[in-house]
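See below for the structure under consideration.
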Amino acid sequence: MTVYESSILWFRSQLRVHDQPLFESRGGEDRPVVGVWVFDPREHLELVDGFPRAGSRRVRFLLESVESLRTSLRELGSELIVRVGEPEQVIPELAAELNVDSVIAFRQPGTEERGIERLLAASLGPKWKPLGYESVLEVEDLDVIADELPEVFSRFRRHVEKKIAFARPRETPSSLAIPQLPSGFDVGGVPDLRSLGYEVVDADERSVMDFKGGESQGLDRLHSWMFDHDNLQRYKQTRNGMLGEAYSSKFSPWLANGCLSGRFVVSETLRYERQRLANESTYWLRFEILWREYFRLYLMKHGPSMFLRGGPVQSDLAWGDPEGRFESWRTGETGVPLVDANMIELSTTGFMSNRGRQIVASFLSKNLDVDWRRGARWFEHCLIDYCPSANWGNWTYAAGVGADPRGFRGFDVARQAANYDPTGDYVAAWLGDRIGSLPVESRHAPWLAGGPTPIVDPERSLSEAKRRWDQLAAGD
Ligand SMILES: Cc1cc2nc3c(=O)[nH]c(=O)nc-3n(C[C@H](O)[C@H](O)[C@H](O)COP(=O)(O)OP(=O)(O)OC[C@H]3O[C@@H](n4cnc5c(N)ncnc54)[C@H](O)[C@@H]3O)c2cc1C
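Heads up, the final residue of the sequence shown is numbered 812 in the numbering used here, and it's a clean run with no missing numbers.
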């Protein structure tokens, strides 16, 4: 590995010091490094469909994570410089001001992120030292794996399980050296929400948990969920839940911001198996981490087509986008309790279970006949675990224009309710005022007990979506 005299380590979405390959490039304890983090207004504040790309909850989690990274770097003896601006401008200016001989950063699979890398390569020249892509897999060149990626996840999984090992986490250094900063140099404060134009919103007490950004919070969650409460051993049975903090790991906000490393999570599941027990559930968490990896590779392979209406498969499916439907979905006012409860949970907490995400994505793109990209953008705004590859990958999958596009993937909401919320406790928790007084058997269909009718008939609208799908498949 090449070693540099003094370097800027540009932290993008790897906001941690554990398992941090960026440190390896320094080549020895006395090689000076300084961290840089840049808040890019384009990525967060730009208005799409009338709302900023990142909502207040997501940005709060991010800023907490940056604050925590700064503390960790200072404890190790280095520093985190914080700036607000466009990285392709800010970073070359800092590199000149600090007279470093290299800028080291991970490449990112997203389209905009790659555009910024090209601009940095042009302006920094040989000082630009990208490290490749982060991966949980032990592979030399992820680009090759991405180029050859199968369109179906299960083929990818089988290949990985047979041929590729999980990569081991890196050691955390015990100390870091910092380059001499010019006198009076301003390291910059982590911006607060108000200075960025956000309202500070209160936490909703019904949230599955109190999510706080930062590496130590992520590591605490990992330890508490996996080891203290032994939840990993039942994960496969509980993972489709919607209520409470234990049914799934809730690692996603920390993974998405890199406060937790995917490699570390995998290695902890293996340690759990050695120390406690190994069963289908302990395997299943790694299975889900492979889904995450798959969508990262999928985005690398398909690039900008992930964000187009027809998706990577260039589908001719059209969406009618009837007036007002997206707004009813977004605000939890479709009249279908399971959909509305999930959408209210999303907008008031920044989180939604995987089961919920699948149900509401299917409802928007199938029953409501709304362009799926509007849903993906609303998720991008709200989710504290927003990650371009996981979000757009799952949305293209749900809409039938992405990975594994075989067959009609529409969810029957009544069946989902019967399977995953049979007592109606989940919808009652979120829609208590609307349905609390109804008998349990009507909680998922209040219209059958004289309540308001939903904006579409769930059964009929699903059949119509299926008919549209079949017509396209038959080439009519
Ligand atoms: C429409 C839609 C949009 C989504 N958007 C995102 C997103 O922006 N960010 C995000 O991290 N996940 C996204 N997911 C995937 C999944 O819903 C979340 O990762 C999961 O619900 C997070 O909760 P958890 O950490 O408790 O998951 P667990 O069930 O405990 O899973 C462990 C980890 O595996 C990964 N994982 C699990 N399922 C998936 C999946 N289907 N795709 C990719 N990774 C997965 C996540 O990193 C997760 O933290 C989306 C799913 C759908 C259907």
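Don't be surprised by glycine CBs; every beta carbon is placed ideally from N, CA and C.
None of the values given here were measured: they were computed from a predicted structure.
- Note that the C-beta distance between Phe347 and Leu405 is below 8 Å.
- Here Lys586 carries a coil assignment [DSSP, helix/strand/coil].
- By the Cβ test, the stretch 659-675 is not in contact with the stretch 608-625, since fewer than three Cβ pairs between them sit closer than 8 Å.
- Where Ile427 is concerned, there is no enclosing beta strand (DSSP E), although the alpha helix (DSSP H) around it starts and stops at Pro423 to Leu434.
- Boundaries cannot be given for Val523, as no beta strand (DSSP E) includes it and DSSP labels it neither H nor E.
- The stretch 477-491 and the stretch 412-423 do not touch, with fewer than 3 CB-CB distances between them shorter than 8 Å.
- At a threshold of 7 Å, Arg745 does not count as near ligand 1, since its beta carbon sits no closer than that to any of the ligand's heavy atoms.
- Minimum Cα-Cα distance from Phe643 among the listed residues Leu512, Gly738, Arg628 and Val536 corresponds to Gly738.
- Nearest Cα to Gly421 within the set Arg443, Val372 and Arg570: Val372.
- When Cβ pairs closer than 8 Å are counted between the two stretches, the stretch 529-545 is seen to touch the stretch 383-393, the count reaching three or more.
- Between the stretch 561-569 and the stretch 429-437, the count of C-beta pairs closer than 8 Å stays below three; the two stretches do not touch.
- About 6 Å separates the beta carbon of Val436 from that of Ser343, a gap short enough to meet the 8 Å contact definition.
- Closer than 7 Å to some heavy atom of ligand 1: that describes the Cβ of Phe715.
- Contact between Leu635 and Ser511 is ruled out by a C-beta separation of about 36 Å, above the 8 Å threshold.
- Cβ-Cβ distances below 7 Å link Ser778 to Leu784 and Ala785 in the same chain, with the five nearest sequence neighbours on each side left out; the list follows chain order.
- DSSP places Ala441 within a strand segment (E or B) once states are collapsed to three.
- Per DSSP, Gly668 lies in no alpha helix (DSSP H) and is assigned neither H nor E.
- DSSP places Leu345 within a strand segment (E or B) once states are collapsed to three.
- When Cβ pairs closer than 8 Å are counted between the two stretches, the stretch 547-565 is seen to touch the stretch 577-596, the count reaching three or more.
- Distance from the CA of Gly736 to the CA of Arg770, rounded to the nearest whole angstrom, comes to 33 Å.
- Within the stretch 536-566, the complete alpha helix (DSSP H) segments at least 4 residues long are 551-558, listed from N- to C-terminus.
- C-alpha of Asn576 to C-alpha of Gly461: approximately 49 Å in a straight line.
- Excluding five sequence positions before and after Thr605, the CB atoms of its chain that fall closer than 6 Å to its own CB belong to Thr618, Leu621 and Arg622, given in chain order.
- Of the residues assessed, Gln516 falls on the exposed side of the cut-off, its CB having fewer than 16 other CB atoms within 10 angstroms.
- Taken through DSSP and simplified to helix, strand or coil, Tyr722 comes out as coil.
- Between Ser588 and Ser797, the alpha-carbon positions lie close to 32 Å from each other.
- Between Ala697 and Ala753 the beta-carbon gap is near 16 Å, outside 8 Å, which marks them as no contact.
- Of all C-beta pairs linking the stretch 470-477 to the stretch 366-382, fewer than three are shorter than 8 Å, placing the two stretches out of contact.
- Nearest in C-alpha terms to Val749, of all of Lys702, Arg628 and Trp655, is Lys702.
- In this structure Val601 is buried. Its beta-carbon is surrounded by 16 or more other beta-carbon atoms within 10 angstroms.
- Asp761 has its alpha-carbon roughly 43 Å from the corresponding atom of Ile500.
- Short of 6 Å from the beta carbon of Gly647, and not among the five residues preceding or following it, lie these beta carbons of its own chain, in chain order: Thr732, Val737 and Gly738.
- For the stretch 476-504, there is no continuous beta strand (DSSP E) assignment of 3+ residues that stays within its boundaries.
- Across the structure, Leu704 and Glu800 are spaced so that their CA atoms are roughly 10 Å apart.
- Taking all protein chains shown into account, Ser519 has fewer than 16 neighbouring C-beta atoms within 10 Å of its C-beta and is therefore exposed.
- By alpha-carbon distance to Met679, the top candidate from Asp707, Val649 and Trp714 is Trp714.
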